[in-house]
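>
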Amino acid sequence: MGYDNIKGIHAKKIEVLEKGSNTKSTKVALFVQIADSNLWETNSKGTEVMSRSWKLFKIAAEYSVMSSVVEFSSSCEGGMLKYMGKDVGAETVIRACRKEIANADFVDNLSTSIHGHNVEPIASKLDCFIELKEIVNRGSFERDQIKKLIELKKPTRVYDGYLFSWGTSPEDISEYLEYEYLFKSRVHWTSIREPWDWSYAKKMVNQSRKTLSQKAA
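Converting from the sequence shown to my numbering requires adding 158 to each position, the first position being numbered 1.
Below is the structure:
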């Protein structure tokens with residue numbers, strides 16, 4: 159059975175306008191670097207390692223981000239989530255996230271790099287995906303809101319759904335937060351990447367299957 163392994167945590171703070179007002183509020187953007195035991199790749203040294211990538215866990219008020227962290231970290235108890243390659247209790251992940259948020263710097267744009275990590279700028283655009291079959295099961299109000307958002311954003315049609323994109327400025331983040339509740343199946347693991355690379359995801363899945371087959375043999 160596969161598991162996720164948290165390899166890094168980073169947080170930033172950004173001020174955005176609240177919906178329908180000129181009042182600014184502080185939002186926390188929590189990023190997590192996740193390695194997936196079901197996905198493997200070959201590094202520069204020719205060694206097979208678990209594929210890892212930085213993802214945006216959530217952008218929200220601090221209390222809301224921490225609430226989601228508490229919910230997510232419960233996976234530690236069932237062995238589905240590790241921290242730095244170790245089996246730990248949920249409290250360890252919660253403390254690590256709380257510490258990062260407490261030390262987070264304020265930024266004018268989320269497109270800045272993560273300090274202390276050898277990675278490209280983590281945020282160049284914010285991509286969110288909604289499946290068509292998921293839309294059908296929504297209530298009439300949310301279906302109307304999704305239709306409104308489609309008209310507003312002109313999303314890209316990919317596979318069996320729509321891919322919506324936002325930038326990383328305070329204005330873009332403010333608009334994203336207005337519609338965030340619509341992305342129920344992606345709200346915690348909205349990917350930050352440029353571009354949205356489906357071919358890479360397929361490559362990783364196929365490579366993982368090949369590796370598992372070789373190990374089984």
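Note that CB positions come from ideal geometry on N, CA and C, so glycine has one too.
(1) Would the beta-carbon of GLU300 be found less than 6 Å away from any heavy atom of the ligand PLP?
(2) Determine, using beta-carbon pairs with one atom in the segment 287-304 and one in the segment 314-322, whether at least three such pairs fall under 8 Å.
(3) State yes or no: is the C-beta of ASN163 within less than 7 Å of the C-beta of LYS240?
(4) Would you identify the three-state DSSP class for LYS360, choosing helix, strand or coil?
(5) So, helix, strand or coil for PHE341, using DSSP?
(6) Got a sec, what are the start and stop residues for the beta strand (DSSP E) ALA187 sits in?
(7) Reducing DSSP to helix, strand and coil, say where MET208 ends up.
(8) Name the residue from ASP285, LEU175, SER231 whose alpha carbon lies nearest to the alpha carbon of ALA219.
(9) Rounded C-beta distance between VAL265 and ILE167? I'm assuming under 8 Å.
(10) Quick one: grab the DSSP three-state call for ASP266.
(11) Below 7 Å CB to CB, which residues in the same chain sit around MET250 once its five sequence neighbours on both sides are set aside?
(12) Straight-line CA distance for ARG296 to ASP285?
(13) Thinking PHE243 and TYR161 are a contact (beta carbons under 8 Å), I'd like their distance in whole angstroms, please.
(14) Closest to ARG301 by CA distance: which of TYR337, PHE230, ASN201 is it?
(15) Quick check: the Cα distance between SER221 and GLY204, rounded to an integer number of angstroms?
(16) By the three-class DSSP mapping on this structure, what secondary structure does THR314 have?
(17) For the alpha helix (DSSP H) that contains SER231, what are its first and last residues?
(18) Between the Cα of ASP245 and those of SER195, CYS234, ALA254, spot the shortest distance and give me the residue it belongs to.
On the basis of the data shown:
(1) Because no ligand of any kind appears in the structure shown, any question about the ligand PLP cannot be addressed here.
(2) yes
(3) yes
(4) With a pLDDT of 45 at LYS360, under the threshold of 50, the modelled position of that residue is not reliable, and the figure given next carries that caveat. Residue state, collapsed to three classes: helix.
(5) coil
(6) 182-200
(7) strand
(8) LEU175
(9) Not really, about 17 Å apart at Cβ, beyond 8 Å.
(10) coil
(11) Looking at the sequence provided, one finds Thr at residue 250 rather than Met. If we look at THR250 and ignore the five residues flanking it on each side, its Cβ neighbours are TYR241.
(12) 21 Å
(13) The displayed chain sequence assigns Gly, not Phe, to residue 243. 10 Å between Cβ atoms; not a contact.
(14) TYR337
(15) According to the sequence as given, residue 221 is Tyr; it is not Ser. Cα-Cα distance, rounded: 43 Å.
(16) strand
(17) 220-231
(18) CYS234
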